[in-house]
Amino acid sequence: QLEIIAPKIASDEIMEIPIDISAENKDTGIVRERIYIVFSPGALIGTIIDASTGLPRTGTEIQLRQDGKILKTARTDANGRYSFVIEEDGDYEIYVNNEDESGSNQIIKRTFASSGEGQITFAPRIIEGRIYYEESNQPIANEEVKIYNPAGELVDTVISNENGRYTYEIKKQEKQGANFASALINRAKNLFKVRAQNGSDKWTVTALSGKVKRGVSEPESGVTSLNNNLPVIAATNSGQVVDKSNQSNIENAEITLVKEDGSIVDNLPEINNTEQDNPYQSADGSYNFQDVSPVSYYLTAEADGYYDYQSDLIELSNQSDINQLIEMQAIENDDLTIEKESDLEYAVPGEEVKYTISITNNSDQIMNELIVTDNLPEELLYNQDSADPEVDYSSGELKWTIEELESKSTMKLNYTVTVAEDAEMGNETINQVKAELNEFEFNPVRHGLQLSPPDLIVNKTAAEEKVVIGDFVSYKLEIINESEFDVEEFTLYDKLPAGFKYVKDSAVMISADGQKSSVNPVGSRTINWEGLEIAAESSFEVRYSLVVGSGVDSYNSYLNQAYAMFEDQMISNTAEAEVLVIEDPLFNTSTVIGKVYLDQNEDRMQTEAEKGLAGIRIISTTGQIVETDKFGRFHFEIKAEDNIQPMQTLVLKLDKDSLPAGAEVISKNPVIVKIREGLMSEVNYRIKKQE
């Protein structure tokens, strides 16, 4: 039983009572520890130890700050302890004055609460140190410092400040409550903890990608472990692997020292009782092969995203280090050109297609172990052993490994596929060619193959060149398949001229052997025949009639067009046929008839004895000139294209010079005629011969 009576103390006074505890530990024998029982209205207590010596820091100045202002200053006692009374809740900063630097270094900033009478807050457990170059004492600022717990787990990464200092707070904190006996017993229990045989109470601090590290004993509650320093020896004797273009270090490069015959050097001497790695995997690109025997060597280097490197021959005359600068060239996308082509633009099920992939090295480097892959869609089946050069094929993927592709050279990869029998027509199959070199992936190239029927030939003719309103016009469509493949389904379209109409039940299909069958189209302005098929190397005809409607214009040409489609794809040429619509002479042509005859008795009539005169010329104002026949007859046709409108006058004149000698015209000459569309007019000329 432990009975503790709190003494009377001032409101800002702290009293500590030391208690020494010893215990018999089965593993370590008698162990001792001094425990302090603290009486305070509310205090922050901590301890400073120097990790470089393992001893408490005595007389070290500790500052309690708030918002940058120093509130209180304390110095550590002979046991490295300090304490501050926290009177109000708030955000406080603890600074420690390092003797080797001017000014103080902040080790923690956090919120502390006024704990009330009898409550104690232990300062955080802190691991603090400095990273610097050992020779110059120059701090290394903004460097990542990694903190590992005793189990080897990375728990945090902190950044060094401008003085090279880093600080890490171990998160689990202990807070002493009013029950001092419980705290005392818990501290005593710790004496009997069995430590792990592997020393797992050690924390580990590393920097510079693990090139420097140190172990740190786990601080007790309230302890700040100072000066867990990381001195760095400048690596002046190290070689470096860098990017040739910008001289930046290349991470995770593999450097290998090989003999002149290309074999790996396996007898490098031990350094500090440790074998030298060869190949050497460098996290930051630095390396050094030390005390190498005097023969001839090459240095090679490999790194993701870079061309393989090989140095010039290194000839050693005495034992020395090999640590020269290695400049590696980064791989870029433009260094390689990938092209893919096929011998067909379209294909049908069962058809063979030949592919050619061209790989061109545009760089000034040799490409070693270039991997090219081509992933086939399910519609394309690889023809086994068709690839040249040979290829590894598995589950639709073709994979070539090009051992060596010289600078500015091209390699062609050939293979054939067969279109699957169940491939759906009308789709475009897409396959993608990829290339990879040292984990660098070049932009892939896509290639498409259209799955569609072969092209057909369509011919179209009209039975008439000229038609009139109301005429029936016969058309013939000839469809020819010159390919070696059947077309199992397509649609034939015919776009009719405006004003023309399909004659119902007029369409008939005539096969190559003369067999006829009725095939009625659908549609009106554009008619079509769906579900047609045509065998390889065959043809058939479709014949049908159109009627010329009243809405057409005379003396205009009317064109209709025919073509074949598979779904949304045209698979033929566009065939055309043209007809000219003209006026119907029966209704639209005006005619003037007449006779030139002798009227010797001037009775205005032609008797039997009064003959007609042949070869007499009649001239029209339309520009027409006609001659009378042997009976003296003549006629003029006045058509719409002559630009003579209804009721327009026409003037006819007999050419007197064409009369026989001694003859004269005794009737009107010239004669004016009123033209009426579709009607006939008569004009006669009476002639009398002088006796």
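Adding 49 to a residue's 1-based position in the sequence shown gives its number in the numbering used here.
Every residue gets a Cβ at the ideal spot worked out from N, C-alpha and C, and that includes glycine.
Remember, it's a predicted structure, so these values are computed and weren't measured experimentally.
Suppose the cutoff is 7 Å on Cβ atoms and the five residues either side in sequence are ignored; what does the same chain contact list for residue 460 look like?
By 1-based counting over the sequence shown, the position of residue 460 is 411. Within the same chain, residue 460 has close Cβ partners 408, 451 and 454.
Could you name each continuous beta strand (DSSP E) segment of 3 residues or more that falls completely within the stretch 468 to 546, going from the start of the chain to the end?
477 to 486, 494 to 500, 506 to 511, 521 to 530 and 536 to 544
Residue 292 in three-state terms, based on DSSP:
Numbered from its first residue, the sequence shown carries residue 292 at position 243. In the structure shown, residue 292 sits in a strand (DSSP, three-state: E or B).
Just to confirm, is the Cβ distance from residue 100 to residue 143 under 8 Å?
The sequence position of residue 100 within the sequence shown is 51, counting from 1. The sequence position of residue 143 within the sequence shown is 94, counting from 1. Their beta carbons are not under 8 Å apart, which means residue 100 does not touch residue 143 by this criterion.
Express the C-alpha separation of residue 444 and residue 478 in angstroms, rounding to a whole number.
The residue given as residue 478 occupies position 429 in the sequence shown. The residue given as residue 444 occupies position 395 in the sequence shown. Using only the alpha carbons, I get a separation of about 17 Å.
Ordered along the chain, which non-local residues of its own chain (more than five positions away) have a Cβ less than 7 Å from that of residue 213?
For the purposes of this step, residue 213 is taken as the residue at position 164 of the sequence shown. Contacts found: 179, 180, 181, 188, 189 and 190.
What does DSSP give as the partner residue(s) for residue 724 in the beta ladder?
Here residue 724 is taken as the residue at index 675 of the sequence shown, counted from 1. According to DSSP, which records beta bridges pairwise, residue 724 is partnered with nothing at all.
For residue 597 versus residue 516, is the C-beta spacing smaller than 8 Å?
Locating residue 597 in the sequence shown gives position 548, where the first residue counts as 1. Locating residue 516 in the sequence shown gives position 467, where the first residue counts as 1. Yes, the pair counts as a contact, with Cβ atoms nearer than the cut-off.
I'd like to know whether the C-beta atoms of residue 145 and residue 279 end up nearer to each other than 8 Å.
The residue labelled residue 145 in the question sits at position 96 within the sequence shown. The residue labelled residue 279 in the question sits at position 230 within the sequence shown. No.
Measure from the alpha carbon of residue 432 to the alpha carbon of each residue in 352, 687, 447 and 556, then state which is nearest.
On the sequence shown, position 383 is the one that residue 432 refers to. Residue 432 has its Cα closest to that of 447, out of 352, 687, 447 and 556.
Give me the Cβ distance between residue 176 and residue 208, rounded to the nearest whole Å; I'm assuming they're in contact under 8 Å.
Your numbering for residue 176 matches position 127 in the sequence shown. Your numbering for residue 208 matches position 159 in the sequence shown. So it is not a contact: roughly 14 Å between Cβ atoms.
Beta-carbon within less than 7 Å of residue 576's beta-carbon, same chain only, minus the 5 sequence neighbours each way: which residues are those?
Walking along the sequence shown from the start, residue 576 turns up at place 527. Correct list, in chain order: 543, 545, 551 and 570.
Selection from 256, 140, 562 and 740 that minimises the alpha carbon distance to residue 194:
Locating residue 194 in the sequence shown gives position 145, counting from the first residue. Taking only the C-alpha atoms, the option nearest residue 194 is 256.
Going residue by residue through the stretch 591 to 664, where are the continuous alpha helix (DSSP H) segments of at least 4 residues, counting only ones entirely within it?
634 to 637
Residue 251 and residue 271: beta carbons closer than 8 Å?
Within the sequence shown, the letter at position 202 stands for residue 251. Within the sequence shown, the letter at position 222 stands for residue 271. No, they are not a contact pair.
Is the CB-CB distance between residue 412 and residue 384 below 8 Å?
Translated into the one-based positions of the sequence shown, residue 412 becomes position 363. Translated into the one-based positions of the sequence shown, residue 384 becomes position 335. Yes; because the gap between Cβ atoms is below 8 Å, this pair is in contact.
On the DSSP bridge list, what partners appear for residue 308?
Translated into positions along the sequence shown, residue 308 becomes position 259. 346.
Alpha carbon to alpha carbon, how far is residue 93 from residue 167? Give it in angstroms, no decimals.
Along the sequence shown, read from residue 1 onward, the residue named residue 167 stands at position 118. Along the sequence shown, read from residue 1 onward, the residue named residue 93 stands at position 44. Only weak support exists for where residue 167 lies, its pLDDT of 48 falling under 50; the value from the coordinates is given anyway. Spanning the two alpha carbons is a distance of roughly 12 Å.
Between the C-alpha atoms of residue 688 and residue 397, what's the straight-line distance to the nearest angstrom?
Your numbering for residue 688 matches position 639 in the sequence shown. Your numbering for residue 397 matches position 348 in the sequence shown. Each residue's alpha carbon lies about 57 Å from the other.
Answer with buried or exposed for residue 729, where buried requires no fewer than 16 other C-beta atoms within 10 angstroms of its C-beta.
Counting from one through the sequence shown, the residue named residue 729 turns up at place 680. Exposed, since its Cβ has fewer than 16 Cβ neighbours within 10 Å.
Span separating the alpha-carbon of residue 68 from that of residue 112
Position 19 of the sequence shown, counted from the start, is the residue given in the question as residue 68. Position 63 of the sequence shown, counted from the start, is the residue given in the question as residue 112. Using only the alpha carbons, I get a separation of about 28 Å.
Mapping DSSP to helix, strand and coil, what is residue 705?
Along the sequence shown, read from residue 1 onward, the residue named residue 705 stands at position 656. The answer is helix: DSSP assigns residue 705 an H, G or I state.
Runs of beta strand (DSSP E) wholly within the stretch 371 to 402 (minimum 3 residues, chain order):
375 to 377 and 385 to 391
Secondary structure at residue 125, three-state DSSP: helix, strand or coil?
Mapped onto the sequence shown, residue 125 falls at position 76. Of the three classes helix, strand and coil, the one that applies to residue 125 here is coil, per DSSP.
Here's a check: name, in chain order, each residue in its chain whose Cβ is nearer than 7 Å to the Cβ of residue 359, leaving out the five neighbours to either side.
Along the sequence shown, read from residue 1 onward, the residue named residue 359 stands at position 310. So the list reads 347 and 349, once near-sequence residues are dropped.
Through-space distance from residue 104 to residue 224, alpha-carbon basis:
Here residue 224 is taken as the residue at index 175 of the sequence shown, counted from 1. Here residue 104 is taken as the residue at index 55 of the sequence shown, counted from 1. Interpretation of residue 224 is limited by its pLDDT of 44, a score under 50 that renders its predicted location unreliable; no figure is taken from the coordinates.
Give me, in chain order, the residues of the same chain whose beta-carbon lies closer than 7 Å to that of residue 631; leave out the 5 immediate sequence neighbours on both sides.
Position 582 of the sequence shown, counting from 1, holds the residue named residue 631. So the qualifying residues of the chain are 515, 517, 603 and 604.
So which of 269, 192, 210 and 497 has the shortest CA-CA distance to residue 751?
Coverage of the chain is limited to positions 50 through 740, which leaves residue 751 absent and any answer about it impossible.
Can you give me the start and stop residues for the beta strand (DSSP E) that residue 99 sits inside?
The count along the sequence shown starts at 1 and reaches residue 99 at position 50. Taken as a continuous stretch (DSSP letters only), the beta strand (DSSP E) holding residue 99 covers 92 to 99.
Output yes or no for whether 8 Å exceeds the beta carbon distance between residue 480 and residue 424.
Numbered from 1 along the sequence shown, position 431 holds the residue referred to as residue 480. Numbered from 1 along the sequence shown, position 375 holds the residue referred to as residue 424. The answer is yes: Cβ separation under 8 Å.
Examine the Cβ distances between the stretch 517 to 534 and the stretch 646 to 657 and report whether three or more of them are shorter than 8 Å.
no
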